[in-house]
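Okay, so here's the structure we're looking at.
Numbering (mature numbering (1 follows the signal peptide of the UniProt record, and there is no 0)), first residue to last: -36 to -1, 1 to 379.
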């Protein structure tokens, strides 16, 4: 124990005069010497990514003691970090911080690229992942690199071009697109397959591409025998030529009506053709129809003589074309067969050449018709032209003598 005393003095005025009276009081206090020192008993300050230096570690921190901090492994200081014990509290003296140690920009790898896999920047602890571009594959065991104190971990990954090994092809298949001299087949390369024999058909994809990972996008196709299937039994139709085994390419089937009074509608013979399809649809047999309606209209032509609403089987109607049109065939008929008009007839159109059209080409008739500025040329007729005045035939122009083909005639051009 020790004693201390304090003086307390009070000034005041007496009797409203200018004199001052000083009153001093002496106060005696008993003070415990053990409480004169302040101690910081709480936990040490928590500094992210930092620790207290060994020199600063104590069992007890008293007033004005200073604690220094150093950065953890992988972190670098940005300014000094220190705290001081003041009145049972830790007060910042230097407010630095510890930042992750940065790494240099990662190296680029040929035919590949990298992206941040973990972290936000190229600093200690961050990881990057390398990926190969399309058409390339990773040959390195490790595709991850981590930012360490000493720099980036692992070796730079390597990407090499993807290549495919051709499969053994069917001996009947023709393969197009193979590189010369058995060269490497790289990513994206396409091979094409075909069966040269029409009796064979390709089973599988006709194009196969070298894809990612050195794998083909589908298996190589094969050539197999073309086969056709017979349709289910057709009512009133006899089928001739169905074998006991498979019907292959070139096999023929014939058809006839089981009832001699019926009419076969369709082809009487079909052939097994490429892709396993029959050359024509299978026919059917029906009872004949005794009459046809009015004959059909013919463009640029008409029937000769009168017509009526009903014609018997076997009756025919003759057609004629309009002026300057040519009938094809020359003697043309349509015949009523089983209620249907049969026969193909066409009226071939003429060509028309007039003065206005020739002026656009700078040409005129070599032998102009008298008193006519327009000429009609029937199908297969010829017209000969010449240039106007002293003009000459243009390079690339057709010849002066031209033929009319069903309403179309190419005209020469002069310049």
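In this text, a Cβ means the ideal position worked out from N, Cα and C, and glycines have one as well.
Continuous alpha helix (DSSP H) stretch holding residue i: start and end
i	result
residue 321	319 to 325
Alpha-carbon spacing of residue i relative to residue j, whole angstroms
i	j	result
residue 264	residue 320	25 angstroms
residue 223	residue 308	29 angstroms
residue 262	residue 300	16 angstroms
residue 189	residue 207	16 angstroms
residue 269	residue 282	8 angstroms
residue 295	residue 368	21 angstroms
residue -3	residue 111	Here the model assigns residue -3 a pLDDT of 43, short of 50, so the residue's position is not dependable and the matter cannot be decided.
residue 203	residue 275	33 angstroms
residue 27	residue 41	27 angstroms
residue 47	residue 2	16 angstroms
residue -11	residue 5	Because residue -11 sits at a pLDDT of 41, beneath the cut-off of 50, its placement in the model cannot be relied upon, and the point is left open.
residue 373	residue 160	42 angstroms
residue 148	residue 75	18 angstroms
residue 330	residue 322	12 angstroms
residue 118	residue 108	8 angstroms
residue 69	residue 102	21 angstroms
Beta carbon of residue i nearer than 8 angstroms to that of residue j
i	j	result
residue 156	residue 178	no
residue 441	residue 316	Since the first and last residues shown for the chain are -36 and 379, residue 441 lies out of range.
residue 328	residue 355	no
residue 39	residue 86	no
residue 36	residue 52	no
residue 227	residue 249	yes
residue 361	residue 346	no
residue 100	residue 123	yes
residue 216	residue 186	no
residue 61	residue 43	yes
residue 33	residue 16	yes
residue 120	residue 84	no
residue 182	residue 169	yes
residue 340	residue 288	yes
residue 81	residue 95	no
residue 164	residue 136	yes
residue 342	residue 314	yes
Extent of the continuous beta strand (DSSP E) to which residue i belongs
i	result
residue 34	30 to 35
residue 54	53 to 64
residue 77	76 to 82
residue 125	123 to 125
residue 19	Counting along the chain, residue 19 falls outside any beta strand (DSSP E), and DSSP gives it neither H nor E.
residue 40	39 to 50
residue 183	Run containing residue 183: none; DSSP gives neither H nor E here.
residue 265	265 to 267
residue 164	164 to 167
residue 352	Element bounds for residue 352: n/a, residue is neither H nor E.
residue 235	233 to 235
Minimum Cβ-Cβ distance from residue i to chain D less than 8 angstroms
i	result
residue 26	The chain labelled as chain D is not found in the depicted structure, where only one protein chain is given.
Minimum C-alpha distance to residue i - residue among the options
i	options	result
residue 286	311, 345 and 271	311
residue 260	246, 361, 221 and 303	303
residue 196	84, 246 and 10	246
residue 126	318, 173, 374 and 158	173
residue 29	280, 44 and 57	57
residue 210	193, 203 and 221	193
residue 198	191, 218 and 184	218
residue 18	10, 31 and 324	31
residue 104	113, 93 and 98	93
Identity of the residues DSSP links to residue i by a beta bridge
i	result
residue 292	310
residue 211	192
residue 202	220
residue 298	281
residue 87	66
residue 112	115
residue 227	250
residue 102	123
residue 328	350
Any non-hydrogen atom of the ligand ATP closer than 7 angstroms to residue i Cβ
i	result
residue 141	No copy of the ligand ATP occurs in the structure displayed, which carries no ligand at all.
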